[in-house]
Amino acid sequence: MQANFIVEIIMTNKEMARDPVGATIKRDLLAKKGYDMISNVRSGQYLRIHISAENEENAKEIIEDMCNKLRIFNPVTQNLTILRVSKS
Amino acid sequence: MNIKIAVIQFPAANCDLDAIHVLNNVINVQADLVWHNHFKESNYDAVVLPGGFSFGDYLRAGIIAAHSPAIDEARIMLKDGRPVIGICNGFQILTEAQFLPGALLRNESLKFSCKWVNLKVENNKTACTNKMNVGDVLAFPIAHGEGRYYTDNLKELEDNNQIVFRYSTESGDLTEEANPNGSLENIAGISNLDQNCIGLMPHPERASEEILSPKGTVHGKLFFESIIDFIKRRVS
């Protein structure tokens, strides 16, 4: 029995690979507007994927496998996080 | 021998015709523009992946093209030692296809950088540098937004002599100011272990004719002449 799910993933640059987008947001916007309690910002990419699967665990497994196999994230420079799996 | 080189055309390529022009009219070899779904490696002695924005550079520059049929064909050439050359977006494709190690990240300035730079030759044994000397400084233009080379294995690259070009000053000094995008150790181009696959961000095809060059240099010709020489020596 298949059901429909939404899997949300984010990809962020590893700490070792500098992230000028996050650094610019922090330095040139947040810090200049007085948000000096903010110590770090990292940018990333977000994908919201609709998928038909047996259950939430199965949906997560398919997406993880796909991301690794097709290099949806670049393992040299990025980390992959599965943010959420929900019913659609 | 009748040398034939393929220049692969991906959707949104924009330096493909420049590469074809230089190969056909400046270097005087047969180069064919081949749509990425139609490429057959058996017809060619070398393949060039040109610059541009393959598939809109969606997800990451080069990743979608890296899964195209043309790359499966190019992989056969990679393994049997024929030259596989990636310029700019082609370099991004070669890293995403894992022909070459590392990755190309957003320029540190966050700006698209379009200007002439100086490159120091670090290895003259490769398929595209054998007509150069180590230490030569070449003038090539760059035009990219994602050219910051990064690898988590720099030592291996250095130990294996895989660094082919570094950004330098006109006198060959590897300074921070000479580095246009924040690349690790000023790296502008690298090769695989067998030295038949080279990727670089700068554009040799835009540096092969006097009329295009601010100082009248034609260093790009050496790059393409090296490829021809490599093919001839490989076959003989």
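Chain order of the listed sequences is L and A. So the first sequence is numbered by my numbering: it starts at 1 and just counts up by one. So the second sequence is numbered by my numbering: it starts at 1 and just counts up by one. Don't be surprised by glycine CBs; every beta carbon is placed ideally from N, CA and C. Please read these numbers as outputs of a predicted model, since none were measured by experiment.
Output, in chain order, the set of chain A residues within a Cβ distance shorter than 9 Å of residue i.
| i | result |
| --- | --- |
| M66/L | Within 9 Å Cβ-Cβ: nothing; M66/L doesn't reach chain A, min ~12 Å. |
So residue i is in the beta strand (DSSP E); what residue range does that whole segment cover?
| i | result |
| --- | --- |
| K87/L | 78-87 |
| L104/A | 103-105 |
| C197/A | 197-200 |
| R75/A | Unbroken run through R75/A is the alpha helix (DSSP H), 69-80; no beta strand (DSSP E). |
| E101/L | Shown here, chain L extends from 1 to 88; a query on residue 101/L therefore has no answer. |
| Q9/A | 4-9 |
| D194/A | Looking at the DSSP string, D194/A is not in any beta strand (DSSP E), and its letter there is neither H nor E. |
| V21/L | Not the beta strand (DSSP E): V21/L falls in the alpha helix (DSSP H), residues 20-25. |
| D32/A | 30-35 |
| L49/A | 46-49 |
Which bits of chain L does residue i rub up against, with CB to CB less than 9 Å?
| i | result |
| --- | --- |
| G145/A | Ordered by position in chain L, no residue passes the 9 Å Cβ test against G145/A, which lies about 11 Å from the chain. |
| I63/A | L70, R71, I72, N74 |
| H21/A | Here the premise fails: no neighbours, minimum Cβ distance about 33 Å. |
| H36/A | Within 9 Å Cβ-Cβ: nothing; H36/A doesn't reach chain L, min ~17 Å. |
Going along chain L in order, which residues have a C-beta closer than 8 Å to the C-beta of residue i?
| i | result |
| --- | --- |
| L59/A | Q45, I72 |
| I190/A | Within 8 Å Cβ-Cβ: nothing; I190/A doesn't reach chain L, min ~13 Å. |
| L110/A | P20, V21, T24 |
| E96/A | R71, N74 |
Take residue i and list the residues in its own chain whose beta-carbon comes closer than 7 Å to its own, dropping the five residues that flank it on each side.
| i | result |
| --- | --- |
| E56/L | F5, V85 |
| A125/A | This sequence places Lys at residue 125/A; Ala is not what is there. Within the same chain, K125/A has close Cβ partners Q195. |
| S88/L | N4, F5, I6, H50 |
| E122/A | V134, I163, V164, F165, R166 |
| N130/A | N124, S226, D229, F230 |
| A70/A | I8, H36, F39 |
| K215/A | A139 |
| R148/A | L104, L105, R106, N107, E108, N181, G182, S183 |
Per DSSP, residue i forms a beta bridge with which residues?
| i | result |
| --- | --- |
| V121/A | F165/A |
| A53/L | A3/L |
| Y150/A | A103/A |
| F140/A | V117/A |
| Q98/A | None; Q98/A has no bridge partner. |
| G44/L | T12/L |
| A13/A | G52/A |
| I187/A | R166/A |
Under 7 Å between beta-carbons, which chain L residues line up against residue i? List them in chain order, please.
| i | result |
| --- | --- |
| A103/A | N74, V76, T77 |
| H67/A | L70 |
Run the proximity test for residue i: is its beta-carbon closer than 8 Å to any non-hydrogen atom belonging to the ligand ZN?
| i | result |
| --- | --- |
| P50/A | Judged by which ligands are present, the structure shown has none, so any question about the ligand ZN falls away. |
If I follow the unbroken alpha helix (DSSP H) through residue i, where does it start and stop?
| i | result |
| --- | --- |
| H219/A | 219-235 |
| I85/A | Counting along the chain, I85/A falls outside any alpha helix (DSSP H), though it belongs to the beta strand (DSSP E) covering 84-87. |
| L17/A | 16-21 |
Under 7 Å between beta-carbons, which chain A residues line up against residue i? List them in chain order, please.
| i | result |
| --- | --- |
| A17/L | L105, Y150 |
Identify, in the order they occur along the chain, each residue of the same chain with its Cβ nearer than 6 Å to the Cβ of residue i, setting aside the five sequence neighbours on each side.
| i | result |
| --- | --- |
| K221/A | S208 |
| A143/A | C114 |
| S68/A | H36 |
| V41/L | G22, I25, K26 |
Touch test, the stretch 66-79 of chain A against the stretch 112-122 of chain A, Cβ-Cβ under 8 Å, three pairs minimum: Touching, no.
field: At least three beta-carbon pairs within less than 8 Å, the stretch 84-94 of chain A to the stretch 11-26 of chain A
entry: Result yes; three or more Cβ-Cβ pairs closer than 8 Å.
task: Decide if the stretch 161-172 of chain A is in contact with the stretch 121-141 of chain A; the criterion is three or more beta carbon pairs, one per stretch, under 8 Å apart.
output: With three or more CB-CB distances shorter than 8 Å, the stretch 161-172 of chain A counts as touching the stretch 121-141 of chain A.
task: Count the C-beta pairs between the stretch 45-65 of chain L and the stretch 191-198 of chain A that are closer than 8 Å, then say yes if the count reaches three, no if not.
output: Too few Cβ pairs lie closer than 8 Å, so no.
field: Contact between the stretch 41-53 of chain L and the stretch 34-44 of chain A (3+ Cβ pairs under 8 Å)
entry: No, the stretch 41-53 of chain L is not in contact with the stretch 34-44 of chain A.
query: Are the stretch 99-106 of chain A and the stretch 149-160 of chain A in contact at 8 Å, needing three or more beta carbon pairs?
result: Touching, yes, given that three or more Cβ pairs across the two stretches are closer than 8 Å.
- prompt: Given 8 Å as the limit, is there contact between the stretch 20-32 of chain A and the stretch 27-34 of chain L, that is, 3 or more CB pairs closer than that?
  reply: As far as the Cβ criterion goes, the stretch 20-32 of chain A does not touch the stretch 27-34 of chain L, which means the pair count is below three.
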